[in-house]
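Student:
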Amino acid sequence: MTGHENAEFSALPSDGRRPRRRKSRKLVVASLVMFGIAVIIITAIFLHFDKKGRPHHWDRLIPPDSHDYLPPSWSKLRVFKGGAVCSDGAPCAEIGKGILSKNGSAVDATIATMICNGLVNMQAMGLGGGFMMTIYDRKTQKSYFLVSRDMAPLAATADMYQGEGVNASNIGPLSISVPGEIAGYRTAHEKFGRLPWEELWAPNIELCERGWNMTNAFYSDALEAIDLIRTDPTLSKIFLVEGTNELMRPGGLIKPQKICETLRILQKKGAGEFYNGTLGKMYIDDLRRRGSILTMQDLNSYRPVWKTTLQTNLSDGTRVFAPNLPSSGALLTFVLNILDEFKFTSSSLEGWNNTIRTYHRIIETWKFAYSMRSKMGDDLFVDMREFVKNLTSKDYARSVKAQITDERTWSDPVHYGAGKELREDHGTAQISVLAPDGDAVSVTSSINMYFGSGIVSEQTGIVSNAGMDDFSVPGRVNYYGVAGTNKNNLIQPMKRPMSSMVPSILVSPSGDVRMVVGGAGGTKITTSVSFVIARHLWMNNTIKEAMDASRIHHQVFPMVLAYEYGVPQPVLEGLRNLGHRTSRYGDRGSCVCGLTQINGTVYANADRRKDGDVYGTNEKRLLKF
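Just so you know, we're using the UniProt record's numbering here: the sequence shown kicks off at 1 and counts up by one.
(1) Who pairs with Lys142 in a beta bridge, going by DSSP?
(2) Which residues in the same chain as Ser346 place their Cβ atom closer than 7 Å to its Cβ, once the five residues preceding and following it in sequence are excluded?
(3) Under the three-state reduction of DSSP, which class applies to Ser175: helix, strand or coil?
(4) For Pro437, which residues of its own chain have a beta-carbon under 7 Å away from its beta-carbon, when the five flanking residues on both sides are left out?
(5) I'd like to check one pair, Leu146 with Pro304: are the Cβ atoms closer than 7 Å?
(6) Based on the DSSP secondary-structure assignment, which residues constitute the bridge partners of His553?
(7) Give the straight-line distance between the Cα atoms of residue 629 and Thr355, rounded to the nearest whole angstrom.
(8) Out of Lys343, Thr485, Phe381 and Ala225, which has the shortest C-alpha to C-alpha gap to Ser315?
(9) Report the option in Tyr302, Thr523, Thr295 and Leu325 whose CA atom is closest to the CA atom of Thr309.
(10) Give me, in chain order, the residues of the same chain whose beta-carbon lies closer than 8 Å to that of Leu174; leave out the 5 immediate sequence neighbours on both sides.
(11) Quick check on the DSSP output: the alpha helix (DSSP H) that includes Val456 runs from which residue to which?
(12) My output table needs one value for Gln123: the three-state DSSP class, helix, strand or coil.
(13) Would Leu235 and Val456 be called neighbours here (beta carbons separated by less than 7 Å)?
(14) Looking only at C-alpha atoms, which of Val567, Pro497, Phe334 and Met515 sits nearest to Phe387?
(15) Are Ser431 and Thr134 close, meaning C-beta to C-beta below 7 Å?
(16) Buried or exposed: Val166, going by 16 or more other Cβ atoms within 10 Å of its Cβ?
(17) Considering just the uninterrupted stretch of the alpha helix (DSSP H) at Gly329, what are its terminal residues?
(18) What's the call for Val513, buried or exposed, on a 16-neighbour Cβ count within 10 Å?
(19) Could you check the C-alpha separation between Gly280 and Gly452 for me, to the nearest Å?
(20) Is Met248 helix, strand or coil when you go by DSSP?
(21) Mind the definition here: the region 609-617 touches the region 76-84 only if three or more C-beta pairs lie below 8 Å; say whether that holds.
(22) Work out the CA separation of Asn448 and Arg288 for me, nearest whole Å.
(23) To the nearest angstrom, report how far apart Lys487 and Ser472 are at their CA atoms.
(24) Taking the straight line between their C-alpha atoms, what separation do you get for Lys544 and Gly128?
(25) Please classify Val33 as buried or exposed, where buried requires at least 16 other C-beta atoms within 10 Å of its C-beta.
(26) Would you mind sorting Thr405 into buried or exposed? The rule is 16 or more other CB atoms within 10 Å of its CB.
(27) If I'm right that Val502 touches Val529 with Cβ under 8 Å, what's the distance once you round it to whole angstroms?
(28) Going by the beta-carbon positions, is the gap between Gly317 and Pro509 smaller than 7 Å?
(29) Could you tell me whether the region 406-419 touches the region 370-379, where touching means 3 or more Cβ pairs closer than 8 Å?
(30) Looking at C-beta atoms only, is the number of pairs between the region 390-404 and the region 65-78 that lie closer than 8 Å three or more?
(31) With DSSP run on the structure shown, which of helix, strand or coil describes residue 631?
(32) Helix, strand or coil for Asp108, going by three-state DSSP, please let me know.
(33) With a CB to CB cut of under 8 Å and the five nearest residues on each side skipped, what residues in its chain are close to Ile362?
(34) Do Ala429 and Asn121 have their beta-carbon atoms positioned less than 7 Å apart in this structure?
(35) Which value, in whole angstroms, describes the spacing of the CA atoms of Gly612 and Leu380?
(36) Any idea what DSSP makes of Tyr603, helix, strand or coil?
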């Protein structure tokens, strides 16, 4: 995310004016420094890879790349005859199941699970963030999409970061956008709720006041954000060992008093207490003291938006309901339409040669898709109708598929029609719900970075988001060293930034839900979700096998195929021989929550990459998978 400025200079005449000569010397020195930096960066890129596209340290990876596929993970394939809830917070799936057992709707169970996830995974989502929710009504066979992501404040401008620190858009008070999480709960519940509002909060208040144990996954995320935790008074009080500067270890008891009090207030007084009442005023006062530009008018003005879902029909009659802009749902439908044209089967993964060809085709499809992402924006502010029409068009998918060859890849982003930007986001959580009555919800929620902006409201305990970093910022550079040039994603008051979220629902020709899926993991969401869908839907993987499979990822910027430990060496070598440069990533990468339904039986799996789980009604014991 760093760009380079071209410094121009000319030799000034020696006319005896010393200040001018000093200025000339400074320009010369500055130019030489900038030139040297550019040379170093370019050299580093080329030196990082050998002639086969492998990083030069590939033979020193610890552990070395595996020669074969990994054995099945510890995560269980769950089987139910009723409803099910998948969450990347294990206690939350159980709370969601409890709501279903009380005859709560799919949306009721989802909201209760989200409140819980905002506690046990507060590094990733919570009341200070926002979400995107896709809903399917089995009775009417209609789908709905609720946008409740955070928005730019009224005082925000496209040039608001000029003269500010390099990280001002992703850390600190100026990174905070107007939260939509709580308003979204209210809006979804008003339309699809069945149980009283208060019942959705009760089990979460009990959990909050009782406390819960830190998981290994949470500990890993917290270590990445340890500086933010140590800096913020509320976070340090919750997560640091008393009297030290050290992070609590996994298994430690977490009891965030202030957020528990806030949950009780919201249970009793509703969402209006945050957007128009005393709770919101306390939140704004805390943020203003830290330098935020948010005001009560921002909270007063916030409104979630109902939109139509994007729909595409696959060749077997499966309908895909994906979220509309400003999500990446259009990219997911584009990817699935192209992959559908390849007519994958179980034999697509039989033997190294078939697997290499299959992976290559998927990678090339992603590269075309991610080149499109750099041109997208909030369609309430930018006319994106023709753009979305193309991305969801079968003819357009076929025309792109025709450009993919099995013989090679390309390293020039222009070949794929790429723009010049791709912003990364983190701090996201996914929940998938299928109710016994056949209704379904897929929702992705985020505070954008681990612990959002790093600022917690001391009076309310709410972790504030870092949503402003998802906008394009002129003159600034993104995570991969590319300038913020997407004019459709520039900051405007009350505008929502582009998001990687793709909460989706697949429905069989009979009208029954076939799959409820979505993911967390920033720009890796679309690739991981489409990878899981493809392996399960076309390649005969169980949902657990599809989720367990070690993942690959390509997003054009950088022009590198990222892969997870467990992708076999023969596959990697085959991809390198086709021209793919590869680099193994060491973090979790992405986390998917997937529920599938086949002939009335629900099969579900929580991703092994995070400490989540699946709970449901009428669970069946599975002897083997």
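Even for Gly, the Cβ is constructed at its ideal location relative to N, Cα and C.
All values reported here derive from a predicted model rather than from experimental measurement.
Tutor: Based on what the coordinates show:
(1) Asp137.
(2) Once the five neighbours on either side are set aside, the close Cβ partners of Ser346 are Met539 and Asn540.
(3) In the three-state reduction of the DSSP assignment, Ser175 falls in the helix class, which pools H, G and I.
(4) In the sequence as displayed, the identity of residue 437 is Asp instead of Pro. Within the same chain, and ignoring the five residues on either side of Asp437 in sequence, the residues whose Cβ sits closer than 7 Å to its Cβ are Arg138.
(5) Going by C-beta atoms, Pro304 is nearer than 7 Å to Leu146.
(6) Per DSSP, the beta bridge partners of His553 are Ala562.
(7) In the structure displayed, the chain extends from 1 to 625; residue 629 sits before or after that span and is not available.
(8) When only C-alpha atoms are compared, the closest one is Lys343.
(9) Comparing Cα positions, the closest option is Leu325.
(10) Excluding sequence neighbours, Leu174 sits near Met160, Tyr161, Glu164, Ala168, Gly291, Ser292, Ile293 and Met468.
(11) Secondary structure note for Val456: it is in no alpha helix (DSSP H), with a DSSP letter that is neither H nor E.
(12) Gln123 sits in coil when the DSSP states are folded into three classes, being neither helix nor strand.
(13) A distance below 7 Å separates the beta carbons of Leu235 and Val456.
(14) Minimum Cα distance to Phe387 is reached at Phe334.
(15) Note on residue identity: the sequence assigns Ile, not Ser, to residue 431. No.
(16) Burial call: exposed.
(17) That run of the alpha helix (DSSP H) goes Gly329 to Glu341.
(18) Buried: at least 16 other Cβ atoms inside 10 Å.
(19) One C-alpha to the other measures close to 18 Å.
(20) DSSP places Met248 in coil when its eight states are reduced to three.
(21) Judged by Cβ distances under 8 Å, the region 609-617 makes contact with the region 76-84, as three or more pairs qualify.
(22) Rounded to whole angstroms, the separation of the alpha carbons of Asn448 and Arg288 is 20 Å.
(23) In this structure, the straight-line span from the alpha carbon of Lys487 to that of Ser472 is close to 7 Å.
(24) Across the structure, Lys544 and Gly128 are spaced so that their CA atoms are roughly 32 Å apart.
(25) Only weak support exists for where Val33 lies, its pLDDT of 47 falling under 50; the value from the coordinates is given anyway. Around the beta-carbon of Val33, fewer than 16 other beta-carbon atoms lie within 10 Å, marking it exposed.
(26) Its Cβ having fewer than 16 others within 10 Å, Thr405 is exposed.
(27) Rounded, the Cβ-Cβ distance is 5 Å, consistent with contact.
(28) It is a contact, given that the beta carbons lie within the stated cut-off.
(29) Taking 8 Å as the limit for Cβ pairs, the verdict is that the region 370-379 does touch the region 406-419.
(30) Flag = no, the region 390-404 and the region 65-78 do not touch.
(31) As shown, the chain starts at 1 and ends at 625. That puts residue 631 outside it, with no answer to give.
(32) The three-state secondary structure of Asp108, taken from DSSP, is helix.
(33) Contacts found: Leu339, Ser530, Phe531, Ala534 and Ile552.
(34) Their beta carbons are under 7 Å apart, which means Asn121 touches Ala429 by this criterion.
(35) Those two C-alpha atoms are separated by around 35 Å.
(36) DSSP places Tyr603 in strand when its eight states are reduced to three.
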